[in-house]
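Student: Residue numbers (this note's numbering): 44 to 322.
Beta carbons are placed, not taken as given, at the ideal position from N, Cα and C, and that holds for glycine.
Provided herewith is a single structure, encoded as structure tokens, for subsequent inquiry.
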């Protein structure tokens, strides 16, 4: 029976999840093998790292190039599309898009904390979907691009200005942060509206299993590592009788479970295993 109320997540749960993720992360590289399973995960991590590095490098290189092109060569302004887009050099001491001016120290600290939290989440919660991980990478990389400017210059260099509307001047890092945040929000909303099917499958299987045991008469048998086993649903009376049955030619272990299902485990000798394999 499912619980009517969801369990609340505590700080201890989060801590244990991070520790488990760290142990899994270390174990992955410690026990790494060049097989399909390990290589596929390694490729995914490599692509994410390359995307992360590309965004940071692209942002910083474009800032240096545009600074020389706009500020040094064209006096701080260059029209790209008349009436639509200009390149205008601006020194932003606030957040993205000119918000929170003259708050460099506070914004730097908050940005650093946010970036560390995102990177920790990406490392420890490796099974998140791509529509969660990729936007987080974009946000973290864009934040680092602006963080470099704040720590090195005391401000962020902005260049892009839409002249057809009253909008703040921004840079490439701001674009990646904004787009990543929008995609992340949309992905979370879609996840809430359309929950993943794989989370419902185990519940259906459990329900079917319970109904099968309740109806009775279900049987199963198999062989694993030289041990043959038989599982059958039986009434309580039949279970008691089965428990008193004498041992056969092979060593057997009989038992029963609380729902009335009896099971028998028979050890198979090497000769019978060979004959079975030949058939």
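Check this for me: beta carbons of residue 219 and residue 185, under 8 Å apart or not?
Tutor: Here the question's residue 219 lines up with position 176 in the chain shown. Here the question's residue 185 lines up with position 142 in the chain shown. The answer is yes: Cβ separation under 8 Å.
Student: Count the CB pairs spanning the segment 99-117 and the segment 165-174 that are closer than 8 Å, and state whether there are at least three.
Tutor: no
Student: Measure how close the beta-carbons of residue 178 and residue 226 come, nearest whole angstrom, since I'm counting them as under 8 Å.
Tutor: Position 135 of the chain shown, counted from the first residue, corresponds to residue 178. Position 183 of the chain shown, counted from the first residue, corresponds to residue 226. Between residue 226 and residue 178 the Cβ distance is about 4 Å, and since that is below 8 Å, they are a contact.
Student: For residue 244 and residue 237, what's the separation of their Cα atoms in angstroms?
Tutor: Working through the chain shown from its first residue, we reach residue 244 at position 201. Working through the chain shown from its first residue, we reach residue 237 at position 194. With a pLDDT of 45 at residue 244, under the threshold of 50, the modelled position of that residue is not reliable, and the figure given next carries that caveat. Looking at the two C-alpha atoms, the distance is approximately 14 Å.
Student: Spell out the partners DSSP gives residue 124 in its beta bridges.
Tutor: For the purposes of this step, residue 124 is identified with residue 81 of the chain shown, where counting begins at 1. According to DSSP, residue 124 shares a beta bridge with 128.
Student: Please state whether DSSP places residue 204 in a helix, a strand or coil.
Tutor: What you label residue 204 is simply residue 161 of the chain shown in a count that begins at 1. Strand, per DSSP.
Student: Go ahead and label residue 148 buried or exposed: buried means 16 or more other beta carbons lie within 10 angstroms of its beta carbon, across all protein chains shown.
Tutor: As a first step, residue 148 is located in the chain shown; it is residue number 105 there, counting from the start. Per the 10 Å Cβ criterion, exposed.
Student: Kindly list the residues whose CB is nearer than 8 Å to the CB of residue 163, restricted to its own chain and excluding five residues on each side of it in sequence; keep chain order.
Tutor: Walking along the chain shown from the start, residue 163 turns up at place 120. Cβ within range, chain order: 61.
Student: Distance, Cα to Cα, residue 98 vs residue 212?
Tutor: If you number the chain shown from 1, residue 98 lands on position 55. If you number the chain shown from 1, residue 212 lands on position 169. Distance between the alpha carbons of residue 98 and residue 212 is about 19 Å.
Student: Based on DSSP bridge pairs, tell me the residues matched to residue 67.
Tutor: In the chain shown, counting from the first residue as 1, residue 67 sits at position 24. Partner(s): none; residue 67 has no beta bridge.
Student: Mapping the DSSP letters down to three states, classify residue 135 as helix, strand or coil.
Tutor: Locating residue 135 in the chain shown gives position 92, counting from the first residue. Correct three-state label for residue 135: strand.
Student: Taking just the CA atoms, how far does residue 57 sit from residue 82?
Tutor: By one-based count along the chain shown, residue 82 stands at place 39. By one-based count along the chain shown, residue 57 stands at place 14. A direct Cα-Cα distance of roughly 29 Å separates residue 82 from residue 57.
Student: Since I believe residue 200 is in contact with residue 134 (beta carbons under 8 Å), could you give me their beta-carbon distance rounded to a whole number of angstroms?
Tutor: Taking the chain shown and counting its residues from 1, one reaches residue 134 at position 91. Taking the chain shown and counting its residues from 1, one reaches residue 200 at position 157. Sure, about 7 Å apart at Cβ, within 8 Å.
Student: Name, in chain order, the residues that DSSP records as bridge partners for residue 213.
Tutor: The residue you call residue 213 lines up with position 170 of the chain shown. For residue 213, which the question treats as bridged, DSSP gives the partners 203.
Student: Would you report the Cα separation of residue 88 and residue 126, rounded to the nearest angstrom?
Tutor: As a working note, residue 88 is residue 45 in the chain shown. As a working note, residue 126 is residue 83 in the chain shown. Taking the straight line joining both Cα atoms gives about 43 Å.
Student: Please classify residue 100: is it buried, with 16 or more other beta-carbons within 10 angstroms of its beta-carbon, or exposed?
Tutor: Against the chain shown, residue 100 aligns to sequence position 57. It counts as exposed.
Student: Is it the case that the Cβ atoms of residue 121 and residue 128 are separated by a distance below 8 Å?
Tutor: Here the question's residue 121 lines up with position 78 in the chain shown. Here the question's residue 128 lines up with position 85 in the chain shown. Cβ distance not < 8 Å, so residue 121 and residue 128 don't count as in contact.
Student: Quick one: what does DSSP say residue 258 is sitting in, helix, strand or coil?
Tutor: On the chain shown, residue 258 is found 215 positions in, with the first residue counted as 1. With a pLDDT of 46 at residue 258, under the threshold of 50, the modelled position of this residue cannot be trusted; read the value that follows with caution. In the structure shown, residue 258 sits in a helix (DSSP, three-state: H, G or I).
Student: Is the CB-CB distance between residue 94 and residue 232 below 8 Å?
Tutor: Your numbering for residue 94 matches position 51 in the chain shown. Your numbering for residue 232 matches position 189 in the chain shown. No.
Student: Expressed to the nearest angstrom, what Euclidean distance is found between the alpha-carbon atoms of residue 53 and residue 59?
Tutor: Indexing the chain shown from 1 puts residue 53 at position 10. Indexing the chain shown from 1 puts residue 59 at position 16. So the alpha carbons of these two residues sit roughly 10 Å apart.
Student: Does DSSP put residue 186 in a helix, a strand or coil?
Tutor: Position 143 of the chain shown holds residue 186. Helix.
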